[in-house]
Amino acid sequence: MAEIIEFGAMHYNPAKVPNLSRVVCPPYDMIDDEMKKNLEEQDPYNYVSVILPDGDGDEKYRSAMHRMFGWLLRDIMVIDSDPGYYVYEQSFNFDGEQYTRHGVVGLLKLEEEYGATVKPHEKTFNEFIEDRYALLNETQSSLESIFFVYKDQQNAIKQDIESNAAGDAIVFEATDAEGTLHKLYRVKPEAAAKIRAFFATQPVYIADGHHRYETARKYMTERKAELGPKYTGKEAFNYLMGVFFNVYDPGIKILPTHRLIKQMNFSPIDLLKNLGNQYKIAAMDFTDARMERAARIKMRKMLTQYKTAGKKAFGVVFKRIPNKFFLMILKDDVNVNIAGTVSEDLKSLDVMMLEKTILEPYFKISSENEDKQIFYVRGDNKAFEMVKSGEYEVAFILNPVNPVNVVKIADNSEEMPHKSTDFFPKLLSGLVVYSFKYSKIK
179 MAEIIEFGAM HYNPAKVPNL SRVVCPPYDM IDDEMKKNLE EQDPYNYVSV ILPDGDGDEK
239 YRSAMHRMFG WLLRDIMVID SDPGYYVYEQ SFNFDGEQYT RHGVVGLLKL EEEYGATVKP
299 HEKTFNEFIE DRYALLNETQ SSLESIFFVY KDQQNAIKQD IESNAAGDAI VFEATDAEGT
359 LHKLYRVKPE AAAKIRAFFA TQPVYIADGH HRYETARKYM TERKAELGPK YTGKEAFNYL
419 MGVFFNVYDP GIKILPTHRL IKQMNFSPID LLKNLGNQYK IAAMDFTDAR MERAARIKMR
479 KMLTQYKTAG KKAFGVVFKR IPNKFFLMIL KDDVNVNIAG TVSEDLKSLD VMMLEKTILE
539 PYFKISSENE DKQIFYVRGD NKAFEMVKSG EYEVAFILNP VNPVNVVKIA DNSEEMPHKS
599 TDFFPKLLSG LVVYSFKYSK IK
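Take the position in the sequence shown, starting the count at 1, then add 178; the result is the number in our numbering.
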């Protein structure tokens, strides 16, 4: 099963960078141009200049390498001399409740093919891999941790992990822009052996970072081919940095990702009429801003209620029907025809029903072209506003996916629709780095 080993992390030097909150940043794919500019202005040592370097062509990747190792030469960054695991603690607010979760930071041995050890739930696209590959090739480093989950319903290693989250073992802490407190601790040797043994019996599941995993796997495969008979399997590039959380932890949260479409070449009324055989349709009317706010709240509340009751439901907002929102509830006697063998776990997803009953037959959107026709957004209020402004024709408001369902679907070797999961909160980039050249491994 999963081989997860200890390493000496490269990280910011607290003596030179006392306020870590100023230099860490979100994952690269969560950063837009405005955020990048703000992060760069916030601190000259902000990690965004490594994961999203400026420049043209290959030069920008070389600049990332020079910057990072320049920091190492000037002790802005340092490397832990003794390999070990780390505990990553995140404390955050979600829907008015406070949560704290703990994950293990370590190096995962890469597989040449997906199999029993590492299980994905999402399709990857080559154009997103090329950029990360060029950066990996220049920096020779695992720059951002991939978010993994594992199954430990009995909490077999919960105490071994959390017992290390104590003040005397802390490496550093930082608070992000969303108010999440991130702390990193060293794992004591006696707990490390138990953690290593546990993972040796378990598969792990990619929660967030499918493209970065594919990038590392591509790099490993090509370097292995170059080495030929000299390849041992112990080379530094065979490992990738990850954070591993228990999927049954109450702190594992997923936000819904709503769908917006710019072009709609048919009438919304005609669409609703056609869907009447499959869906129970409830309209929420409003005539002023106060009633509109109430309708938004009501939609979210009703979607949650239907999810709890095991019903498949989602909301719809049309630009051409400005004073109504619609709630779509799949009728109990409707059996949606899906090509091929599809598990009940995958069929249970609201987003799967949306794709098969509306996006494919009416908008002619498939997995091959969806990224060009759908805009994905976190936060239903943002989705409402983007339709209200006239920028988009229609928005589909979705429920979040249950984290355990993600694991079940991965166990079935199935892929969820693109952008079905948005694990929250994200892992910070810049907390730790795995350098192929300088990090010791155990």
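Even glycine gets a Cβ: it sits at the ideal position worked out from N, Cα and C.
Item                                                                                                                                                                                   : Value
Given a cut-off of 9 Å on the beta-carbon distance, is the pair P578 and D386 in contact?                                                                                              : no
Classify H244: buried if its beta carbon has 16 or more other beta carbons within 10 angstroms, exposed otherwise.                                                                     : exposed
If you run the structure through DSSP and keep just helix, strand and coil, what is V202?                                                                                              : coil
If I follow the unbroken alpha helix (DSSP H) through V582, where does it start and stop?                                                                                              : 581-589
Give the straight-line distance between the Cα atoms of S425 and M208, rounded to the nearest whole angstrom.                                                                          : Note that residue 425 is Val in the sequence shown here, rather than Ser. Cα-Cα distance, rounded: 22 Å.
Nearest to F422 by CA position, among P595, D523, L286, is which residue?                                                                                                              : L286
Residue range of the beta strand (DSSP E) that H280 falls in?                                                                                                                          : 275-287
CB-CB under 6 Å to F496, same chain, minus the five flanking residues each way: which ones, in chain order?                                                                            : P446, V572
What residue from Y612, N224, A180, G608 has the CA that sits closest to I384's CA?                                                                                                    : A180
Return the chain-ordered ranges of every beta strand (DSSP E) run that is complete within the segment 355-408 and spans a minimum of 3 residues.                                       : 359-364, 382-386
Starting from G248 and walking both ways along the alpha helix (DSSP H), at which residues does that stretch end?                                                                      : 236-251
What span of residues does the beta strand (DSSP E) with I619 cover, start to end?                                                                                                     : First-last for I619: undefined, no H or E at that position.
For Y612, write down the residues that DSSP places opposite it in a beta bridge.                                                                                                       : S320
Counting Cβ pairs, one atom from each stretch, are 3 or more of them under 8 Å apart for the segment 295-310 and the segment 388-405?                                                  : yes
In terms of alpha-carbon separation, which member of K586, F562, T399 lies closest to V327?                                                                                            : K586
Please report the Cβ distance between L505 and G493, rounded to the nearest whole angstrom; I am assuming they are in contact, meaning their Cβ atoms lie under 8 Å.                   : 6 Å
Do the CB positions of M133 and V610 come within less than 9 Å of each other?                                                                                                          : This structure gives no information on residue 133, because the portion of the chain shown stretches from 179 to 620.
By DSSP, does V555 sit in helix, in strand, or in coil?                                                                                                                                : strand
For L314, which beta-bridge partners are listed by DSSP?                                                                                                                               : Note: L314 sits in no beta bridge, so no partner.
Do V529 and P595 have their CB atoms nearer than 9 Å?                                                                                                                                  : yes
Can you round the beta-carbon distance between Y225 and V202 to whole angstroms, since I take them to be within the 8 Å contact cut?                                                   : 6 Å
Return yes when the Cβ of V228 is within less than 9 Å of the Cβ of K297, no when it is not.                                                                                           : no
For E154, is the classification buried or exposed, using 16 other Cβ atoms within 10 angstroms of its Cβ as the cut-off for buried?                                                    : As displayed, the chain neither begins before 179 nor continues past 620, which places residue 154 out of reach and without an answer.
L433 bridges to which residues according to DSSP?                                                                                                                                      : D600
Give me the residue from F602, P196, N583 with the minimum Cα distance to E593.                                                                                                        : N583
Can you check whether the CB of H280 is closer than 9 Å to the CB of S598?                                                                                                             : no
Go through its chain and collect everything with a Cβ distance to T399's Cβ below 8 Å, but skip five positions before and after it.                                                    : E290
Taking 8 Å as the cut-off, does the CB of K485 come closer than this to any heavy atom belonging to the ligand COA?                                                                    : Looking for the ligand COA in the displayed structure turns up nothing, as the structure carries no ligands at all.
Can you confirm whether the segment 358-368 touches the segment 333-350 when touching is taken to mean that 3 or more C-beta pairs between the two stretches lie within less than 8 Å? : yes
Can you list, in chain order, the residues of its chain whose CB lies under 7 Å from that of N271, leaving out five sequence neighbours each side?                                     : G357
Closest to S617 by C-alpha separation, out of N197, G284, R200, would be which residue?                                                                                                : G284
Y554 and H436 - do their beta-carbons sit closer together than 9 Å?                                                                                                                    : yes
As a quick exercise: from N342, R474, F602, pick the residue whose alpha carbon is nearest that of K560.                                                                               : R474
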